[in-house]
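Undergrad: So that we are looking at the same thing, I have put the structure below in structure tokens.
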């Protein structure tokens, strides 16, 4: 294809816009990393890069009395939530796509329609339920409202429906149990969708803020997202330590995304 | 081979999902809706039928009407800005090339940054006149210390919070388009803008509408970033509907206001659902 001068200008213009947008989007993350190495003087001078990188902020965060506990609670709850939600979704999606039973449409409707009930609007009602069940300040209390997601059920059902049904009929004839078929055939074939559910749940649970804030009152049961706003660094003027804490809780997920981006895209690009 | 089967074990597989959806979604939604017509004590006991008086209390509260105005103002700026920027990013990277993974990662990575991380970060970056943002642009704006500035900061923060997920959905939708359709359009002489607006954009309409719907929903329901960024201030200028709900339900213990708000949001959600259902049937 012959490039005319006009095409070239357009091409360069596109790249400039792309670059500008990328710089804007990346800036807060860049500033988070950069300012986590600031000394107090750097903050007063309002700099973009530290005059001299200091790691004292990280030492300050890591020696904070509760930081390790916060991280432990966050990792524990999000791994648990991801495992349970993935299983709940697989079971429900399997039943709805592979089995015949009375009330199938009704149950599917009741499950999928939860998409339209905003969690934010029922916060207090859920809080009362959790309090009545005695689950305040527990991991179960933190994760119980996010163990089912209609959006993910729809995603996994779509993936299950795309698989060849004759495999199921064949495995039934061979006498294989449902569970054997689900976990040795269906789930491996729906890899990208299942992965997406697991990763998405992991990230959203780890990152959730409002609900854990409401159901935890003791420092020892707080997750890092709520804990990090209460570590007192901002109040005592230790902004660098605040930033270091943000880096420590964000960087692992930036790595996870770098390694799983391809898979997530494969789940989303339908061909 | 189509035989009428009745696989009763299906109920067992569905039990966990039904229990969770029932206990933490339908039960609270329906109870909140019903209780909005009753007088409920501070500790949650139903005292008697109240008709619409809870709603009258809600609408006569100046703080509530103010929060509705703020929410609409937020949505008015946030939805177009968010839609424009995510669509721009996705369209600029819709063709795969050797180095495209770099901008793709940059646009996707906001997904990894949590709401509280971004909110704390923005609180620092936009902290006032001696902020890094003022330094970069050479301005002297008050940002979160002034009414207009706080709303502007909140809108920008909102865009960052939704950017990653909207981007990846749109970008993947662009790449799902059948190459043959694009090549055929090229052969016919369509290029540049025409190709984009008349061929590609209509092809990703469903995803585009989904992200638009998400943006509207997030705009109406925004509350958590406000708790960290501005606490509703200054002078209640960033108090949105759901922030008001949070304050009334958890700090003031105002049951009248809280249940009627739940009912209103539920009704709005039902209307949204009906509209989308009708749209779907049209096609």
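Residue numbers (this note's numbering), protein chains in the order written: chain A, 1064 to 1334; chain B, 2 to 284.
Where is the CB? At the ideal position from N, CA and C, for every residue including glycine.
Is the Cβ of residue 106 of chain B closer than 9 Å to any Cβ of chain A?
TA: Residue 106 of chain B counts as touching chain A.
Undergrad: Roughly how far, in whole angstroms, is the beta-carbon of residue 87 of chain B from the beta-carbon of residue 167 of chain B, given that I think they are within contact range, below 8 Å?
TA: Going by Cβ atoms, the distance from residue 87 of chain B to residue 167 of chain B rounds to 4 Å, so yes, they are a contact pair.
Undergrad: Give the residues from the segment 1238-1249 of chain A that approach chain B closer than 8 Å (Cβ to any Cβ), ordered along the chain.
TA: Result list: 1241.
Undergrad: I need the straight-line Cα distance from residue 183 of chain B to residue 1286 of chain A, nearest angstrom please.
TA: About 48 Å.
Undergrad: So is residue 1378 of chain A in contact with chain B if we call contact Cβ pairs under 9 Å?
TA: It is not possible to answer for residue 1378 of chain A, since the shown part of chain A is limited to 1064 through 1334.
Undergrad: What does a CB cutoff of less than 8 Å around residue 1234 of chain A pick up in its chain, not counting 5 residues either side in sequence?
TA: Hits under 8 Å: 1243, 1244 and 1248.
Undergrad: Give me the Cβ distance between residue 1264 of chain A and residue 1149 of chain A, rounded to the nearest whole Å; I'm assuming they're in contact under 8 Å.
TA: That belief holds up - the Cβ atoms of residue 1264 of chain A and residue 1149 of chain A are roughly 7 Å apart, short of 8 Å.
Undergrad: For the segment 1206-1230 of chain A, list every residue whose C-beta sits within 9 Å of some C-beta in chain B, in sequence order.
TA: Taking 9 Å as the Cβ-Cβ cut-off against chain B, the residues of the segment 1206-1230 of chain A that qualify are 1207, 1208, 1209, 1210, 1211, 1213 and 1216.
Undergrad: Bridge partners for residue 1238 of chain A per DSSP, in chain order?
TA: None; residue 1238 of chain A has no bridge partner.
Undergrad: Nearest to residue 28 of chain B by CA position, among B:79, B:56, B:119 and B:264, is which residue?
TA: Checking every option, the nearest Cα to that of residue 28 of chain B belongs to B:264.
Undergrad: May I ask you to report which of helix, strand or coil DSSP gives residue 1224 of chain A?
TA: In this structure, residue 1224 of chain A counts as helix in the three-state DSSP scheme.
Undergrad: Under DSSP, the beta strand (DSSP E) around residue 40 of chain B begins and ends at which residues?
TA: Unbroken beta strand (DSSP E) run through residue 40 of chain B: 39-41.
Undergrad: Less than 8 Å between the CB atoms is what I'm expecting for residue 82 of chain B and residue 156 of chain B, so what's the real figure, rounded?
TA: Sure, about 7 Å apart at Cβ, within 8 Å.
Undergrad: Here's the rule: buried if 16 or more other CB atoms are within 10 angstroms of the residue's CB, otherwise exposed. What is residue 179 of chain B?
TA: Residue 179 of chain B should be labelled exposed.
Undergrad: So, is the C-beta of residue 1282 of chain A closer than 9 Å to a C-beta in chain B?
TA: It does not; no Cβ of chain B falls within 9 Å.
Undergrad: In the DSSP assignment, find the beta strand (DSSP E) that holds residue 49 of chain B and state where it starts and stops.
TA: 47-50 is the span of the beta strand (DSSP E), which, as asked, contains residue 49 of chain B.
Undergrad: On the DSSP letters alone, give me the boundaries of the alpha helix (DSSP H) that residue 95 of chain B sits inside.
TA: Segment: none, residue 95 of chain B is in no alpha helix (DSSP H) and carries neither H nor E.
Undergrad: Against chain B, which members of the segment 1284-1314 of chain A pass a CB distance test of less than 8 Å?
TA: So the list reads 1288, 1289, 1291, 1292, 1297, 1302, 1305, 1306, 1309, 1312 and 1313, given in the order they occur along the chain.
Undergrad: Among B:74, B:89 and B:238, whose alpha-carbon lies nearest the alpha-carbon of residue 209 of chain B?
TA: Looking at the Cα atoms, B:89 is the closest of the given residues.
Undergrad: Mapping the DSSP letters down to three states, classify residue 61 of chain B as helix, strand or coil.
TA: In this structure, residue 61 of chain B counts as coil in the three-state DSSP scheme.
Undergrad: Can you tell me which of the three DSSP states residue 1281 of chain A falls into?
TA: Of the three classes helix, strand and coil, the one that applies to residue 1281 of chain A here is coil, per DSSP.
Undergrad: What residues in the segment 1150-1163 of chain A bring their beta carbon closer than 7 Å to a beta carbon of chain B?
TA: Here the close residues are 1151, 1154, 1155, 1157, 1158, 1162 and 1163.
Undergrad: Here's the rule: buried if 16 or more other CB atoms are within 10 angstroms of the residue's CB, otherwise exposed. What is residue 1170 of chain A?
TA: Residue 1170 of chain A should be labelled buried.
Undergrad: Confirm, please, whether the CB-CB distance from residue 1202 of chain A to residue 1140 of chain A is below 9 Å.
TA: The answer is yes: Cβ separation under 9 Å.
Undergrad: Please confirm if the segment 12-29 of chain B is in contact with the segment 1202-1215 of chain A, defined as three or more CB-CB distances below 8 Å between the two stretches.
TA: Cβ pair count under 8 Å is three or more, so yes.
Undergrad: Okay, do the segment 231-238 of chain B and the segment 135-151 of chain B touch, 3+ Cβ pairs below 8 Å being the bar?
TA: These segments touch.
Undergrad: Would the segment 186-195 of chain B count as touching the segment 109-121 of chain B if we require 3 or more Cβ pairs under 8 Å?
TA: With the cut-off at 8 Å, the segment 186-195 of chain B and the segment 109-121 of chain B do not touch.
Undergrad: Around the C-beta of residue 1315 of chain A, are 16 or more other C-beta atoms found within 10 angstroms, so that it is buried, or is it exposed?
TA: So residue 1315 of chain A ends up on the exposed side.
Undergrad: Can you give me the C-alpha to C-alpha distance between residue 107 of chain B and residue 1177 of chain A, rounded to a whole angstrom?
TA: Distance between the alpha carbons of residue 107 of chain B and residue 1177 of chain A: 32 Å.
Undergrad: What does the alpha-carbon distance come out to for the pair residue 1320 of chain A and residue 62 of chain B?
TA: Taking the straight line from one Cα to the other gives about 45 Å.
Undergrad: Can you give me the C-alpha to C-alpha distance between residue 33 of chain B and residue 221 of chain B, rounded to a whole angstrom?
TA: If I take the Cα positions, the gap works out to 19 Å.
Undergrad: What does residue 33 of chain B reach in chain A if we use C-beta pairs closer than 7 Å?
TA: By Cβ distance, chain A contributes 1185 and 1188.
Undergrad: Measuring straight from C-alpha to C-alpha, what distance separates residue 1104 of chain A and residue 139 of chain B?
TA: Spanning the two alpha carbons is a distance of roughly 20 Å.
Undergrad: So which residues on chain A does residue 114 of chain B lean against when the C-beta distance must stay under 7 Å?
TA: 1092 and 1313, listed in chain order.
Undergrad: Would you tell me roughly how many angstroms separate the C-alpha atoms of residue 1075 of chain A and residue 1069 of chain A, rounded to the nearest one?
TA: Each residue's Cα considered, the two are about 10 Å apart.
Undergrad: I'd like to know whether the C-beta of residue 182 of chain B is nearer than 9 Å to at least one C-beta of chain A.
TA: Output row for residue 182 of chain B: interface = no.
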